[in-house]
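Worksheet for the structure shown next.
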Amino acid sequence: MTGTDISDLRKIGLSDIFDDNWTRAIYSVDASHCTVKPLAVNFPSDEYEVQKICNLAYNCGIPVTCRGAGTGLLGQSLSDGIILDLTKKMNKILELGEDYVIVQPGVVKTVLDKELAKKGKFIPPDPASSNYCTIGGMISNNSSGPHGLGYGSIINYVQGVELVYGNGMMGFADQKNYDQKISKMLKYILSLNVDIKKYYPNVSKNSSGYRLDAIFENNNNKVYPQKIFLASEGTLGIITSSRIKILDIPEKKSLIILRFENIFDAALEVPSILQFEPVAMELLDRGTIMEGWKADDSESRNSCIMIVEFYGNENSFYDKVHKFENNLRNKAKILDSGYDKKSVDTAWNKRKNSLNSAIKKTIGSRKPTGIIEDTVVHPVILHDYLIFLLKILATYNLDYVIYGHAGNGNLHLRPIIDINSKSSKLLMNTIAAKVFKRVVRIHGSISGEHGDGLLRTKYIPLMYGETMYDVFKQIKLIFDDKQIMNPGKKVL
118 MTGTDISDLR KIGLSDIFDD NWTRAIYSVD ASHCTVKPLA VNFPSDEYEV
168 QKICNLAYNC GIPVTCRGAG TGLLGQSLSD GIILDLTKKM NKILELGEDY
218 VIVQPGVVKT VLDKELAKKG KFIPPDPASS NYCTIGGMIS NNSSGPHGLG
268 YGSIINYVQG VELVYGNGMM GFADQKNYDQ KISKMLKYIL SLNVDIKKYY
318 PNVSKNSSGY RLDAIFENNN NKVYPQKIFL ASEGTLGIIT SSRIKILDIP
368 EKKSLIILRF ENIFDAALEV PSILQFEPVA MELLDRGTIM EGWKADDSES
418 RNSCIMIVEF YGNENSFYDK VHKFENNLRN KAKILDSGYD KKSVDTAWNK
468 RKNSLNSAIK KTIGSRKPTG IIEDTVVHPV ILHDYLIFLL KILATYNLDY
518 VIYGHAGNGN LHLRPIIDIN SKSSKLLMNT IAAKVFKRVV RIHGSISGEH
568 GDGLLRTKYI PLMYGETMYD VFKQIKLIFD DKQIMNPGKK VL
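Residues in the sequence shown are numbered from 118 upward in steps of one, following this note's numbering.
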């Protein structure tokens with residue numbers, strides 16, 4: 118981009134366009150360890166300004182990348198082109214119905230939660246970054262969170278989207294209506310005449326690649342074209358509004374905190390705990406616990422806690438919870454339990470604070486680092502997979518923190534390394550290659566909810582194979598023929 122290009126943006130009525138060094142420096146980083154300096158930053162007011170920007174960028178061949186709160190862990194919102202910050206002005210709740218809400222992409226999840234709670238409603242996906250992450254970012258990553266066990270990822274709740282494509286054209290998609298680009302995509306997928314789902318992992322959550330497997334259901338009799346944009350990281354178009362299904366807040370909640378002697382014992386119990394149908398099952402190792410819970414020094418350094426939560430409306434709800442507690446008494450220590458909103462919320466806030474502190478923990482120049490932090494395997498094999506993971510880290514004498522969604526088989530493992538060291542970067546790539554090869558072999562996913570971004574996109578061919586990766590490339594071309602929409606993510 119040149120000064121002339123910036124001038125052109127201002128000429129078409131875009132005053133909030135900044136290319137000063139200070140602004141560019143601020144937007145050159147996110148929650149990952151990547152750094153990419155953009156050429157300019159804009160704060161669009163509505164879809165028409167987004168359309169103007171995309172139209173000019175398309176004609177000039179300038180990359181366009183959207184940004185929410187910048188909480189992405191893989192560099193999803195970093196670009197050397199134009200950054201569109203959608204949090205400043207496109208942050209409104211447009212419509213609230215009985216069973217749906219329509220929002221702009223810059224709405225913060227917690228802000229939406231508070232408004233929905235006034236009506237006794239909620240949207241279940243709840244990332245740890247809910248206090249500041251945006252709905253647009255959640256859609257782009259296909260976010261989930263602790264309650265993904267009982268309720269799934271946000272891909273299950275988005276009923277329709279309106280968007281702007283890279284060429285500046287407006288688009289739309291829901292189960293009944295969709296634009297010409299969507300129609301072209303659907304025809305292309307059907308022309309492949311293959312069972313798309315066989316290329317996808319056997320897990321309950323997945324944010325890697327394009328979610329073609331979620332578009333068709335019931336032998337192609339049901340079509341959900343809007344789902345192509347879930348987990349797409351803004352590489353196909355810019356969502357300007359979305360219609361999201363909302364649910365009634367459950368009448369009854371119960372949360373139990375268990376302590377196991379080690380994470381292997383905890384992992385072994387996951388399948389049996391799942392039989393009680395919890396809505397959340399969270400594992401936190403001792404390193405994470407120390408950041409938010411007071412751990413007894415007499416406990417093993419390998420000990421961990423598990424948070425198990427149940428929702429319900431039926432009269433027999435508490436009978437089920439008590440049966441669960443009795444079943445676990447000889448296998449784990451029950452540290453605490455809660456049956457009211459205040460105690461349940463307190464436990465989740467402690468978990469959230471623990472995770473935020475653990476991620477920020479530094480040991481000299483070393484800190485917890487992601488790239489293998491979001492793998493997913495079937496929970497039945499979680500125990501064996503954990504043994505494999507920790508054996509690799511032991512080989513390289515690496516400390517780590519580990520926590521996450523045990524019920525989904527989605528644990529967030531972060532080795533503690535100096536990511537600024539060239540040798541450490543090479544080591545992380547070596548470890549990632551070994552881990553991802555194992556994950557693919559056991560039909561898991563390299564990303565359950567954090568996405569691919571700059572750091573994991575290169576592993577997508579390994580994840581899906583070259584045949585499906587070529588399909589992803591064609592999907593990208595259908596929507597973004599000049600490859601200007603958030604380039605470097607999903608396909609290379």
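Beta carbons: idealized from backbone N, C-alpha and C, even for Gly. As the structure is a computational prediction, the values presented were derived from the model and not from experiment.
| DSSP on residue 357, reduced to helix/strand/coil? | strand
| said: For residue 362 and residue 373, what's the separation of their Cα atoms in angstroms? | reply: 29 Å
| Ends of the alpha helix (DSSP H) at residue 509? | 499 to 512
| request: Note down the Cα distance separating residue 584 from residue 183, rounded to an integer number of angstroms. | output: 29 Å
| said: Using CA atoms only, rank isn't needed, just tell me which of 269, 401, 519 and 501 is closest to residue 464. | reply: 401
| query | Do you know how far the Cα of residue 450 is from the Cα of residue 378? | reply | 9 Å
| request: Work out the CA separation of residue 567 and residue 531 for me, nearest whole Å. | output: 13 Å
| Beta carbon of residue 434, beta carbon of residue 393: below 7 Å? | no
| query | If we ignore side chains and look at the alpha-carbon of each, how far apart do residue 545 and residue 553 end up? | reply | 12 Å
| Alpha-carbon to alpha-carbon, residue 518 and residue 549 | 16 Å
| request: Within the same chain, show all residues whose beta-carbon is closer than 6 Å to that of residue 289, passing over the 5 residues directly before and after it, in chain order. | output: 279 and 296
| Identity of the residue in 325, 255 and 338 nearest residue 293 by Cα | 338
| Hey, quick one: how far does the alpha helix (DSSP H) through residue 477 stretch, first residue to last? | 458 to 477
| task | Please classify residue 414: is it buried, with 16 or more other beta-carbons within 10 angstroms of its beta-carbon, or exposed? | result | Note on residue 414: pLDDT 48, under 50, position unreliable in the model; the coordinate value appears next. Exposed, because fewer than 16 other Cβ atoms sit within 10 Å of the Cβ of residue 414.
| Under 7 Å, do residue 262 and residue 242 count as touching if we go by C-beta distance? | yes
| Residue range of the beta strand (DSSP E) that includes residue 515 | Careful: residue 515 lies outside any beta strand (DSSP E) and carries neither H nor E.
| query | Per DSSP, what kind of secondary structure is residue 371 in: helix, strand or coil? | reply | strand
| residue 311: CB within 6 Å of a non-hydrogen atom of the ligand ZN | Among the ligands in the structure shown, none appear at all, so the ligand ZN cannot be discussed.
| field | residue 419 to residue 303 span [Cα, whole Å] | value | 50 Å
| Separation of residue 201 from residue 367, as counted between CA atoms | 37 Å
| field | Residues bridged to residue 159 (per DSSP) | value | 134 and 201
| field | Cβ separation of residue 92 and residue 570, assumed to be a contact under 8 Å, to the nearest whole Å | value | No answer is possible for residue 92: it lies beyond the span of the chain, which begins at 118 and ends at 609.
| Backbone CA spacing between residue 359 and residue 277 [nearest angstrom] | 6 Å
| said: Alpha carbons only, please: which of 595, 163 and 342 is nearest the one belonging to residue 357? | reply: 163
| query | Going along the chain, which residues of its own chain have a beta-carbon closer than 8 Å to the beta-carbon of residue 180, five neighbours each way excluded? | reply | 174, 196, 197, 198, 199, 601, 602, 603 and 604
| query | What did DSSP end up calling residue 483 once you bin it into helix, strand or coil? | reply | strand
| Contact belief for residue 324 with residue 565 at Cβ below 8 Å, rounded distance in angstroms | 6 Å
| query | Can at least three beta-carbon pairs, one atom from the segment 481 to 501 and one from the segment 521 to 536, be found at a separation below 8 Å? | reply | yes
| query | Of the choices 344, 381 and 254, whose alpha-carbon is the least far from that of residue 207? | reply | 254
| request: Assign residue 595 to one of three DSSP states: helix, strand, or coil. | output: helix
| query | Is residue 251 closer than 7 Å to residue 148 when the C-beta atoms are compared? | reply | no
| said: I need the straight-line Cα distance from residue 439 to residue 395, nearest angstrom please. | reply: 13 Å
| Can the beta-carbon of residue 437 be found less than 7 Å from the beta-carbon of residue 386? | no
| task | Below 8 Å CB to CB, which residues in the same chain sit around residue 609 once its five sequence neighbours on both sides are set aside? | result | 574 and 575
| task | Have a look at residue 212 and residue 466 and give me their C-alpha separation to the nearest angstrom. | result | 29 Å
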